[in-house]
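Chains as they are written, first to last, in the working numbering: chain A, 1 to 223; chain B, 224 to 446. Just so it is clear, CB atoms sit at the ideal spot from N, CA and C, and this is done for glycine as well.
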DNA sequence: TAAAATATTTAAGCGAACTTTAAGCTAGGG
DNA sequence: CCCTAGCTTAAAGTTCGCTTAAATATTTTA
């Protein structure tokens with residue numbers, strides 16, 4: 001198994017490299033974002049450890065660009081602080097997991113094993129309903145060939161609806177899945193975001209909208 | 224899969240419980256360490272979510288005692304902050320993974336799945352009587368291929384009848400099961416809703432209706 | 001770093017859909 | 001043929017979801 005470590009602090013990079021090599025992984029190191037991106041595109045890795053704070057190109061950008069290139073190698077992001085916002089941002093850009101520094105090496109190993117154990121998709125996944133498509137790796141949405149710009153919450157909501165096509169999702173269900181589990185919002189917030197989504201996804205197009213209200217139960221996308 | 228959540232903040236415990244239940248895990252909650260320990264030893268769980276900060280016995284101690292008892296159920300520890308020391312301590316006492324609060328619900332789900340090593344899938348259940356079908360996840364009802372639109376009470380009533388096929392359900396029984404426990408309604412309300420249902424589910428179709436009155440006792444669906 | 005632009009969340013009002021009640025009517029069983 | 005359980009109808013009451021707008025956060029730009 002071949003692992004790429006993108007980390008600018010040499011001391012850490014070295015320690016991680018040695019530790020992983022002791023577990024008989026093959027490890028390459030890149031010391032800045034640009035370099036990391038190039039290595040990741042040039043070679044085929046089974047896993048990428050990606051620091052967020054990097055010279056020349058930050059981790060989020062590297063991740064985003066790799067996913068946009070159709071590279072689906074599992075990415076484990078290393079964040080300096082464990083701030084929920086950073087985590088969300090990391091996962092939004094396509095990372096598979098994250099780990100807050102500093103971490104015990106055993107934890108890193110556990111995460112690495114978990115990600116490598118996981119069978120990962122090679123095919124590009126695209127969610128679709130009628131003529132609406134959503135590409136999770138590119139975070140892009142199109143309808144009838146026209147690209148649609150969504151905010152991150154709007155996007156998250158649409159993705160959740162699409163991943164549960166034909167299922168009716170209650171506002172509560174949506175609240176716990178699309179917002180942080182302890183987010184303190186009202187059901188009305190969901191209604192408002194549904195309205196925003198409809199304005200962008202349904203209104204500008206002919207025919208009955210794709211996003212359906214199921215009164216008393218919630219919302220549904222699909223037939 | 225049965226999961227035990229040990230967490231003293233009720234709001235969080237509730238949110239986690241509901242979220243996991245929506246993924247069709249069976250979830251029990253304990254609100255302090257002592258309680259959590261007792262539940263964990265009394266029942267067989269497939270996974271334990273264990274908060275560190277707990278009244279009466281902290282998470283480390285619970286974990287340690289469980290391991291000492293020879294209970295090897297995977298434990299996912301929830302720490303308030305991502306302090307390396309806490310994490311090490313947690314893993315030292317026998318936890319399998321940890322997660323720093325607050326976290327997006329999807330991250331919790333990912334960890335839970337990883338620990339249970341279970342690909343996520345939900346089998347679709349469909350209730351049926353003659354040519355009438357009801358799909359709980361889509362909240363949809365069809366008869367003879369034709370879709371039928373029901374209000375939420377109508378739907379709840381039909382679902383209850385279908386889940387108790389061939390059983391006669393008294394108006395009182397229906398009142399307590401379909402309406403809120405403390406709802407203050409008259410038996411006549413049930414009659415009215417039975418009529419609404421019949422108008423949508425039976426009248427437009429040939430033959431004797433599926434919803435039968437059992438005079439003096441109640442209603443029944445099925446043969 | 002302040003200002004401006006965006007994004008998110010809350011709040012209130014309205015109209016439509018749904019629920020419940022009440023009263024008179026129908027019909028089954030003795 | 002009477003009595004009562006069940007049915008029907010329509011009006012009153014309630015809830016739900018949509019909209020709009022204003023209040024907060026957050027991110028970007030200058």
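Backbone secondary structure at residue i - three-state DSSP
i                      : result
residue 343 of chain B : Confidence at residue 343 of chain B is low in this model, with a pLDDT of 48, below 50, so the placement of that residue is unreliable and no value is reported for it.
residue 108 of chain A : helix
residue 243 of chain B : helix
residue 300 of chain B : strand
residue 147 of chain A : strand
residue 356 of chain B : strand
residue 363 of chain B : strand
residue 169 of chain A : strand
residue 249 of chain B : strand
residue 406 of chain B : coil
residue 274 of chain B : strand
residue 69 of chain A  : coil
residue 219 of chain A : strand
residue 316 of chain B : coil
residue 321 of chain B : strand
residue 158 of chain A : helix
residue 228 of chain B : strand
residue 350 of chain B : strand
Identity of the residue in the options nearest residue i by Cα
i                      : options                       : result
residue 296 of chain B : B:235, B:327, B:268 and B:375 : B:268
residue 353 of chain B : B:266, B:433 and B:258        : B:433
residue 290 of chain B : B:317, B:302, B:356 and B:231 : B:317
residue 22 of chain A  : A:109, A:61 and A:12          : A:109
residue 232 of chain B : B:383, B:325, B:330 and B:329 : B:325
residue 390 of chain B : B:436, B:279, B:302 and B:234 : B:436
residue 431 of chain B : B:412, B:438, B:446 and B:224 : B:446
residue 127 of chain A : A:217, A:156 and A:11         : A:156
residue 330 of chain B : B:356, B:417 and B:301        : B:301
residue 258 of chain B : B:270, B:365, B:285 and B:234 : B:285
residue 47 of chain A  : A:217, A:1 and A:141          : A:1
residue 328 of chain B : A:160, A:104, A:80 and A:105  : A:160
Short Cβ contact (9 angstroms threshold) for residue i with residue j
i                      : j                      : result
residue 381 of chain B : residue 373 of chain B : yes
residue 315 of chain B : residue 299 of chain B : no
residue 294 of chain B : residue 337 of chain B : no
residue 254 of chain B : residue 229 of chain B : yes
residue 3 of chain A   : residue 54 of chain A  : no
residue 33 of chain A  : residue 69 of chain A  : no
residue 400 of chain B : residue 409 of chain B : no
residue 221 of chain A : residue 164 of chain A : yes
residue 252 of chain B : residue 265 of chain B : no
Whole-Å CB distance - residue i paired with residue j, under 8 angstroms assumed
i                      : j                      : result
residue 99 of chain A  : residue 111 of chain A : 6 angstroms
residue 145 of chain A : residue 205 of chain A : That pair is no contact at about 11 angstroms.
residue 154 of chain A : residue 196 of chain A : 6 angstroms
residue 237 of chain A : residue 65 of chain A  : No statement about residue 237 of chain A is possible, as the shown extent of chain A runs from 1 to 223 and does not include it.
residue 190 of chain A : residue 174 of chain A : 5 angstroms
residue 370 of chain B : residue 215 of chain A : 15 angstroms between Cβ atoms; not a contact.
residue 237 of chain A : residue 133 of chain A : Nothing in the structure corresponds to residue 237 of chain A, since chain A is present only between 1 and 223.
Closer than 8 angstroms: residue i CB and nearest the ligand COA heavy atom
i                      : result
residue 427 of chain B : This structure does not include the ligand COA; it has no bound ligands of any sort.
Item to complete: Determine, using beta-carbon pairs with one atom in the region 184-203 of chain A and one in the region 240-253 of chain B, whether at least three such pairs fall under 8 angstroms.
Response: no
Discussion item. Closer than 8 angstroms is the cut-off here; do at least three beta carbon pairs connect the region 136-146 of chain A with the region 181-189 of chain A?
Written reply: no
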